[in-house]
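Read through the structure below, which is laid out as C-alpha cells, and then see the notes.
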Amino acid sequence: MGNPTDPRSRTGRAIVLATLATAGGYGLTLIQQVVFARSMGISVETDSLATALAWGIGTSGPVGTALASIVLPAYVGALARQDHALARQVLRASTGIGLVAATVLMIISIVGADLLANLLAPGLTQTAHERLAGLLRISAPLQMLWIGVWLTTARANARERYSLAAGSFAIPPIPVILTFTLIGSPSIEQVALAYMLGAALQVLVVSGRIGSLGELGPSFRTRTVLDLARRLVPVGAAFGVLSVFGLAIRSVASLYGPGAVATSDYASRLVIAGEQVLLSGLLSVLFTKWSHLEGSLEAVTQAKTPSSRGRWSVQDSVLQLLGAGTILACLLVITARPAVAILFQGGRFDAAATIAVADFIVWMSPGIAGNMLVLLAARALLVSGRFIILLEIGAIAIIAMLGVGLVAGSSLGLNSVALGYSVGWVAAAGVAIRALEVDQALFVRQLVRALATGGAALGSTLVVRAVLPDASAIACVLTALLFVGVAGLVGWRLDLTFARDVIGALARLRSTKTRAATGSRLS
Numbered sequence: 013m014g015n016p017t018d019p020r021s022r023t024g025r026a027i028v029l030a031t032l033a034t035a036g037g038y039g040l041t042l043i044q045q046v047v048f049a050r051s052m053g054i055s056v057e058t059d060s061l062a063t064a065l066a067w068g069i070g071t072s073g074p075v076g077t078a079l080a081s082i083v084l085p086a087y088v089g090a091l092a093r094q095d096h097a098l099a100r101q102v103l104r105a106s107t108g109i110g111l112v113a114a115t116v117l118m119i120i121s122i123v124g125a126d127l128l129a130n131l132l133a134p135g136l137t138q139t140a141h142e143r144l145a146g147l148l149r150i151s152a153p154l155q156m157l158w159i160g161v162w163l164t165t166a167r168a169n170a171r172e173r174y175s176l177a178a179g180s181f182a183i184p185p186i187p188v189i190l191t192f193t194l195i196g197s198p199s200i201e202q203v204a205l206a207y208m209l210g211a212a213l214q215v216l217v218v219s220g221r222i223g224s225l226g227e228l229g230p231s232f233r234t235r236t237v238l239d240l241a242r243r244l245v246p247v248g249a250a251f252g253v254l255s256v257f258g259l260a261i262r263s264v265a266s267l268y269g270p271g272a273v274a275t276s277d278y279a280s281r282l283v284i285a286g287e288q289v290l291l292s293g294l295l296s297v298l299f300t301k302w303s304h305l306e307g308s309l310e311a312v313t314q315a316k317t318p319s320s321r322g323r324w325s326v327q328d329s330v331l332q333l334l335g336a337g338t339i340l341a342c343l344l345v346i347t348a349r350p351a352v353a354i355l356f357q358g359g360r361f362d363a364a365a366t367i368a369v370a371d372f373i374v375w376m377s378p379g380i381a382g383n384m385l386v387l388l389a390a391r392a393l394l395v396s397g398r399f400i401i402l403l404e405i406g407a408i409a410i411i412a413m414l415g416v417g418l419v420a421g422s423s424l425g426l427n428s429v430a431l432g433y434s435v436g437w438v439a440a441a442g443v444a445i446r447a448l449e450v451d452q453a454l455f456v457r458q459l460v461r462a463l464a465t466g467g468a469a470l471g472s473t474l475v476v477r478a479v480l481p482d483a484s485a486i487a488c489v490l491t492a493l494l495f496v497g498v499a500g501l502v503g504w505r506l507d508l509t510f511a512r513d514v515i516g517a518l519a520r521l522r523s524t525k526t527r528a529a530t531g532s533r534l535s
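In case it helps, our numbering puts the sequence shown at residues 13 to 535.
Printed below as a string of C-alpha cells:
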C-alpha cells in the first residue's frame, strides 16, 4: 500500500485498519440488533427502551465527545513534548470533570424521570410513561459508563491505537446477545442492565490494554480543571445541540402511535451502523492527525489542493465523504426492504414491521450524506476553535427536522419524521461546507458526479430487482454487488474522488502483491 514511511501511506493504512476494526465491532452490534428485533419486535415496550437508551446516549454523548475533543489535542501535545506528567494531569482532570458531569446527569435522570418521560415521548400512554420513568432510573448509570467509554477510547486514539479503540465496540453487544440467548424473552429492564454490563466491560478492557487504569483516577486540581472546563463549555454546548436532534426525532415519532419510536430507532440504528463503519476510523485518525497541527488547521481547512502535510486535508476528506455518503444513500434506497426482511423479520418482528422500518430508512437515506459531512465538519471546526458555527449547524438541523416532521405528518405519517431527518442534515451540511471554506465550484462538480454515479447504479439495479424476489438473500447480495460495480465504473469514468481513490488504492494493493509474488518466485 505504498511506502510505509510516507505520512500519506501511514495515515491511509491507519484509516483502513481502524475501519476494518469498526466493521468487526458493528458486525456484533448488528447481530445484537437482529436478536433484539426478533425477540422484542415493535411494541410500546420497545418504544420505552429505545427512548431510555436515546436519552442516555443523547446526554452522555455530548459530554464524552466534548471531553475527548478537548483532552485529545492537549494530551497529544503533552506527549509530543515528552511531558508525561502533564499528559497524566490532563487525563485525570478530564476524568474528574466527566465524573462530576455523569453524577449530575444521573441525578437528573433519577429525580426527574417522570418529567423526562413526558418530554422525551409525549405520545406514549400514561402506563407507558410510568414504565419509561422506571427504566430511566434503572439505566441512569449508563451515562457514567458511556462517558468512560469516550474517555478511554479517546486515549487509545491519542496513543494511535486506533484499531483497539474501534474494535472495542465489539464488546458491549456480547452481554446483550447472551441475555437474549440465556433468558429467551427478557424484560426491557434486564436488557438495560445488559447494556450497562457491556459498557463497563468495554471501559475495563480498553483501559487494561493501554495501561490507563491508574492514570484514569479523577483529579480536581483547580488550575487544570478550570482550564479544561473553560474550553469544554462551548464544545459541549455545540455537541449538545447536535445530540438533541436524535432525541427530537424520537420525541416527534412518539406522536404517531404505539411502535413508532421503536420503528424509527430500528431504522436509525441500522443506518448509523453502516455510516459508522465508513466514518469512525476516518474521523478518529483525522482528528488525531489534525490535533498535531496545534491551531494551524485553518491553512489546511482552506487548502484547495492536497496539503503539504499529507493528502488528508479537510477539503480532500469532504470530497471523499460526499461521494461515499451519496453512494451509500442510493444503496440504502434499493436494499432497505430486502435487507430488513433478511435481518429482522421473524419471531415477533412481522412483515408489517419490516415494511415500516424499510420505508423509514428509504426516506432518511438522503440525510446520511449530510450527516456524514456534518460529523466531519464538526471535528475540523473544533480543532480550529469555531464553536459558534457548530451551534448554528445543530439548530438548523433541528428546526428543519421539526418543521418537516410535523407539517408533512398528515400526508406521510411517521415517514415525515424520516424526511425531516434528511432535510435537516442536508441543510446543516450546506452550512458546514460554507463554514469550512471548501472550493464551492469543485464541491458542486463532485456533487453532480456523485449524484450521476448513484443514479446510474440505482437505475441499473432497479432493472435487475424487477425480476428478483424482494426478500431473497441472493437477490440482496446480487443487487449490492451490481450496485457497487456500476457505481465504481461510472464513478471512475466521471472522476468521482471517492471512486477514483478507492479503485486507485485497490490497484496499488494488487500491484504490491504482484511485486511481492514476483520477488518471491525470483528468490
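C-beta atoms are modelled at their ideal positions from N, C-alpha and C, and glycine is treated no differently. Please read these numbers as outputs of a predicted model, since none were measured by experiment.
Check	Outcome
Close beta carbons around Ala166, own chain, < 7 angstroms, minus the five adjacent residues each side	Ala80, Val83 and Leu84
Every unbroken alpha helix (DSSP H) inside the region 68-134 [4 residues or more]	96-123 and 125-132
Top-ranked residue by Cα proximity to Ala212, from Ile411, Phe192 and Pro187	Pro187
Environment of Asp59 [buried if 16+ CB atoms lie within 10 Å]	buried
Segment limits, alpha helix (DSSP H) that includes Glu201	Ile200 to Ile222
Same chain, Cβ closer than 7 angstroms to Ser51, five either side skipped, listed in chain order	Phe192, Ser197, Gly359 and Arg360
Where Gly358 sits in the DSSP three-state scheme	strand
Rounded Cβ spacing between Val237 and Ala105 (contact assumed at less than 8 angstroms)	5 angstroms
Exposure of His96, with buried meaning 16 or more beta-carbon neighbours within 10 Å	exposed
Residue environment, Ser423, which counts as buried when at least 16 other CB atoms sit within 10 Å	exposed
For Glu449, three-class secondary structure by DSSP	coil
Short Cβ contact (8 angstroms threshold) for Leu388 with Ala182	no
Leu418, DSSP secondary structure in three states	helix
Rounded separation between Gly124 and Ala152 - CA only	11 angstroms
Rounded straight-line distance, which links the Cα of Gln45 to that of Ile222	29 angstroms
Spatial neighbours of Phe536 in its chain, beta-carbon cut-off 6 angstroms, leaving aside the 5 residues before and after	No answer is possible for residue 536: the residues shown for the chain start at 13 and end at 535.
Candidates Gly146, Leu340, Leu194 and Val419, of which the one nearest Val264 by Cα	Val419
Extent of the continuous alpha helix (DSSP H) run through Ile189	Pro185 to Ile195
CA-to-CA distance, Pro184 to Gly73, given in whole angstroms	16 angstroms
C-alpha gap between Ser280 and Met413, whole angstroms	15 angstroms
Under the three-state DSSP convention, the category Val479 falls into	coil
Contact between the region 494-504 and the region 435-452 (3+ Cβ pairs under 8 angstroms)	no
Residue span of the alpha helix (DSSP H) that contains Gly379, given as start and end	Pro378 to Val395
Buried versus exposed call for Thr137 [16 or more other C-beta atoms within 10 Å across all chains shown]	exposed
Whole-angstrom distance between Leu282 and Leu127, CA atom to CA atom	29 angstroms
Asp538, DSSP secondary structure in three states	One cannot answer for residue 538 here, as it falls past the ends of the chain, which runs 13 to 535.
Exposure of Arg391, with buried meaning 16 or more beta-carbon neighbours within 10 Å	buried
The alpha helix (DSSP H) enclosing Ala538, as first and last residue numbers	There is simply no residue 538 to check, as the chain begins at 13 and stops at 535 in what is shown.
DSSP-derived helix/strand/coil call for Arg457	helix
Contact check, Leu508 vs Gln458, beta carbons under 8 angstroms	yes
Closest by C-alpha distance to Leu385, when choosing among Ser434, Ala444 and Arg100	Ala444
Coarse secondary structure for Arg243, derived from DSSP in three states	helix
Coil, strand or helix - Gly425 by DSSP	coil
Alpha carbon of Leu190 to alpha carbon of Asn383, nearest angstrom	32 angstroms
CB contact flag (Ala78, Phe251, <8 angstroms)	yes
Proximal residues to Ile367 (C-beta, below 6 angstroms), its chain only, five neighbours per side dropped	none
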